[in-house]
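*Asks:* Numbering (this note's numbering), first residue to last: 15 to 427. Once you've had a glance at the structure underneath, I'll fire off some questions.
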Amino acid sequence: MPIDTFEINGVRVVNVKNQSEIAFFGIGILAGSIYETPKIAGIAHYTEHMIFKGTKKRTWKDILEEFGDLGVNANAFTDRTEVLYHITCPKHNIEPVIDLLTDMFFRSTFPEEELEKERTVILEEMKMYEDDPKMSFADQIPERLFTWSKGHNIIGTEGSVKSITRKDICDFLNNLCNPQNFVMICCGDIDTEDLKGYLRKSIPAFHLYLEGTLRNEVEDDFWVPRDKNDLIVVEREKITQSVISMFTDYMPADDDDYLAGQILLNAVGGGWHSKLFVKIREELGLCYSVGMSSQAYAYPKDMVAEIFGYTSPENVDLFMEESEKVLDDILTNGLDEALFNRSKIDYIAFLLRKQETSMGRAMSMAKRYIVGHYTPPESVVEEMQAVTVDDCNRVMERVIGGKRQWAVMNPKG
Numbered sequence: 015m016p017i018d019t020f021e022i023n024g025v026r027v028v029n030v031k032n033q034s035e036i037a038f039f040g041i042g043i044l045a046g047s048i049y050e051t052p053k054i055a056g057i058a059h060y061t062e063h064m065i066f067k068g069t070k071k072r073t074w075k076d077i078l079e080e081f082g083d084l085g086v087n088a089n090a091f092t093d094r095t096e097v098l099y100h101i102t103c104p105k106h107n108i109e110p111v112i113d114l115l116t117d118m119f120f121r122s123t124f125p126e127e128e129l130e131k132e133r134t135v136i137l138e139e140m141k142m143y144e145d146d147p148k149m150s151f152a153d154q155i156p157e158r159l160f161t162w163s164k165g166h167n168i169i170g171t172e173g174s175v176k177s178i179t180r181k182d183i184c185d186f187l188n189n190l191c192n193p194q195n196f197v198m199i200c201c202g203d204i205d206t207e208d209l210k211g212y213l214r215k216s217i218p219a220f221h222l223y224l225e226g227t228l229r230n231e232v233e234d235d236f237w238v239p240r241d242k243n244d245l246i247v248v249e250r251e252k253i254t255q256s257v258i259s260m261f262t263d264y265m266p267a268d269d270d271d272y273l274a275g276q277i278l279l280n281a282v283g284g285g286w287h288s289k290l291f292v293k294i295r296e297e298l299g300l301c302y303s304v305g306m307s308s309q310a311y312a313y314p315k316d317m318v319a320e321i322f323g324y325t326s327p328e329n330v331d332l333f334m335e336e337s338e339k340v341l342d343d344i345l346t347n348g349l350d351e352a353l354f355n356r357s358k359i360d361y362i363a364f365l366l367r368k369q370e371t372s373m374g375r376a377m378s379m380a381k382r383y384i385v386g387h388y389t390p391p392e393s394v395v396e397e398m399q400a401v402t403v404d405d406c407n408r409v410m411e412r413v414i415g416g417k418r419q420w421a422v423m424n425p426k427g
């Protein structure tokens with residue numbers, strides 16, 4: 015599928031063509047939680063909420079009603095590296111959708127009364143996550159393993175959320191938003207020349223966000239030094255299962271061997287065919303859910319691989335021991351051809367499934383385009399087709415041979 019890239023008033027734009035009746039339009043910003051300080055922890059997420067709360071020509075109610083009038087699915091997310099605002103709509107409504115989202119991005123007013131209401135909403139969101147054992151565990155462990163900028167909770171703390179001001183939000187955006195740090199992505203059956211016309215009418219010729227030229231920088235530090243055998247244990251009331259994670263250092267997402275590493279992780283814990291699923295669930299019956307995947311704490315450089323699972327407290331030691339055996343066996347003996355082929359086709363199928371909709375295709379590309387790491391999905395699939403079992407075995411030590419940091423949430427007592 016063709017991909018056109020161009021600039022309008024200095025703004026990078028990507029138009030991804032397909033034949034869908036549904037179009038996607040999004041604005042991605044290199045302004046996630048890794049750019050915060052302890053005083054304003056959670057401000058990237060707070061700002062994401064406030065973008066929906068009114069502009070110079072639209073109130074929050076106008077925005078919501080226009081969402082309904084245009085038949086859109088509108089949402090946003092804050093990650094450690096980036097924030098993405100996105101809308102899908104019938105393709106014939108792409109022009110008013112572009113006008114709406116660019117107005118929200120460039121002309122939000124962040125009304126004080128809405129700031130206070132949204133503060134309460136975010137504190138309620140925080141309680142919702144704290145009530146979920148899996149979410150709570152996932153928030154607590156990175157805070158112990160990684161430096162503050164990489165590991166702190168994206169939503170912030172109760173104290174920081176209560177103290178964030180309108181000026182803090184404006185300063186945060188003004189300091190981070192410039193054409194080097196954001197990109198607009200369109201995906202659908204939209205003619206590129208038409209798209210250029212829509213954007214020329216919607217993107218301001220002059221704006222503070224359009225003036226800077228520096229890429230946002232990321233601190234180099236990542237892991238907090240810990241003893242290799244220092245198991246992290248937390249306790250929680252009113253749960254019956256233990257939640258288990260194991261973190262190990264992983265290669266950067268822009269590494270030449272990254273795709274070989276992804277196939278290897280898929281073989282270890284990516285699905286029904288994987289070593290962990292076969293051993294931990296099918297042979298030993300220790301749990302319902304077990305797997306291994308990679309995740310970014312500062313994309314593309316600071317990546318980790320994680321084993322995850324849920325089991326009864328009396329099975330935790332066996333779960334960890336057998337998982338270690340799986341990793342050590344693969345390190346010693348490598349992948350056999352059959353497991354490699356299953357893992358490779360399974361991962362390619364996963365990539366292709368994400369291309370089936372305009373939203374899936376755009377979301378699978380967004381992170382790479384936001385950081386300037388341009389790789390069309392078709393190119394990724396072609397590169398993955400070329401990966402061999404020898405490539406996977408060659409990177410074995412880099413992917414699963416490092417230190418293994420285990421963490422467990424147990425039922426209290």
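For every residue, glycine included, the Cβ atom is placed at its ideal position computed from N, Cα and C.
Counting only runs of 4+ residues fully inside the segment 318 to 398, write out the alpha helix (DSSP H) ranges in chain order.
*Replies:* 330 to 347, 351 to 367 and 372 to 384
*Asks:* Could you have a look at Val-86 and say whether DSSP puts it in helix, strand or coil?
*Replies:* coil
*Asks:* Can you check which of these residues, Val-282, Thr-227 and Gln-309, is closest to Asp-263 by C-alpha distance?
*Replies:* Closest option to Asp-263, Cα to Cα, is Gln-309.
*Asks:* Buried or exposed: where does Asn-347 fall if 16 or more other Cβ atoms within 10 Å of its Cβ makes it buried?
*Replies:* exposed
*Asks:* Take the Cβ of Thr-95 as the centre, count every other Cβ of all protein chains shown within 10 Å, and call the residue buried at 16 or more, exposed below.
*Replies:* buried
*Asks:* Alpha carbon to alpha carbon, how far is Val-25 from Glu-225?
*Replies:* 11 angstroms
*Asks:* Can you name the start and end residues of the beta strand (DSSP E) that Met-265 belongs to?
*Replies:* Taken as a continuous stretch (DSSP letters only), Met-265 belongs to no beta strand (DSSP E), as it is neither H nor E.
*Asks:* Using a Cβ-Cβ cutoff of less than 7 angstroms, which residues in the same chain neighbour Gly-323 once the five nearest sequence positions on both sides are dropped?
*Replies:* Ile-258, Ile-294, Cys-301, Ser-303, Val-304 and Phe-333
*Asks:* Looking only at its own chain, which residues have a Cβ that is under 6 angstroms from the Cβ of His-63, when we skip the five neighbours before and after it?
*Replies:* Glu-132
*Asks:* Of the residues Gly-415, Asp-316, Gly-275 and Tyr-361, which one's Cα is nearest the Cα of Glu-338?
*Replies:* Gly-415
*Asks:* Kindly say whether Thr-102, judged by its beta-carbon, lies nearer than 8 angstroms to any beta-carbon of chain D.
*Replies:* The structure shown contains no chain D, having only a single protein chain.
*Asks:* From what residue to what residue does the beta strand (DSSP E) around Asn-424 run?
*Replies:* 419 to 425
*Asks:* Kindly list the residues whose CB is nearer than 7 angstroms to the CB of Pro-327, restricted to its own chain and excluding five residues on each side of it in sequence; keep chain order.
*Replies:* Ser-256, Asn-424 and Pro-425
*Asks:* Between Pro-110 and Leu-84, how many whole angstroms is the CB-CB distance? I'm expecting something under 8 angstroms.
*Replies:* Going by Cβ atoms, the distance from Pro-110 to Leu-84 rounds to 6 angstroms, so yes, they are a contact pair.
*Asks:* For a quick check, are the C-beta atoms of Asn-195 and Leu-353 less than 8 angstroms apart?
*Replies:* no
*Asks:* Please name the residue, chosen from Ala-152, His-387, Asp-350 and Val-394, that lies closest to Lys-368 on a Cα-to-Cα basis.
*Replies:* It is Val-394.
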